[in-house]
Amino acid sequence: MIILCIVAGLLVALVAASWSCAKSYFEMGRLQGMEEATREIVRGLSSHYELEGRTIPERVTKAVEGIKAVSQKRWKTGKGATDPYHAQLWIFGNAVGEACC
């Protein structure tokens, strides 16, 4: 009976460790995907501005720096809280939209 409890405890520990690793892996991939998408958007935006001989607007540059700053820290969000990554991406999208107009 004791051996069965030990094996069950080890199995629970294995499942918990696997779940934690999978969650961490998912979060890192999600963050890298957001950063890559931001870089691609800025690259496309800068190519259009370079054709016209202008530079990227300062507001877009600040928004990109904000995304980099947010991505440096791990955030824990509670239920119903706004994800700080999404909030910074909204700011970035607004800046890019105004730059396009």
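Count along the sequence shown starting at 1, add 218, and that's the number in the working numbering.
Beta carbons: idealized from backbone N, C-alpha and C, even for Gly.
Whole-angstrom C-beta distance between residue j and residue i, which should lie under 8 Å
i	j	result
residue 316	residue 277	7 Å
Where residue i sits in the DSSP three-state scheme
i	result
residue 261	helix
residue 275	coil
residue 280	helix
residue 286	helix
residue 318	helix
residue 270	coil
Residue i vs residue j beta-carbon contact at 8 Å
i	j	result
residue 289	residue 263	no
residue 256	residue 310	yes
residue 313	residue 281	yes
Spatially closest choice to residue i from the options, by CA coordinates
i	options	result
residue 304	285, 260, 265, 229	285
residue 307	319, 291, 283	283
residue 318	291, 259, 301, 302	259
* To do: Identify every run of the beta strand (DSSP E) within the segment 220-250, keeping only runs that are complete inside it and at least 3 residues long; order them along the chain.
  => The segment 220-250 is shown to contain no whole beta strand (DSSP E) run of 3 or more residues.
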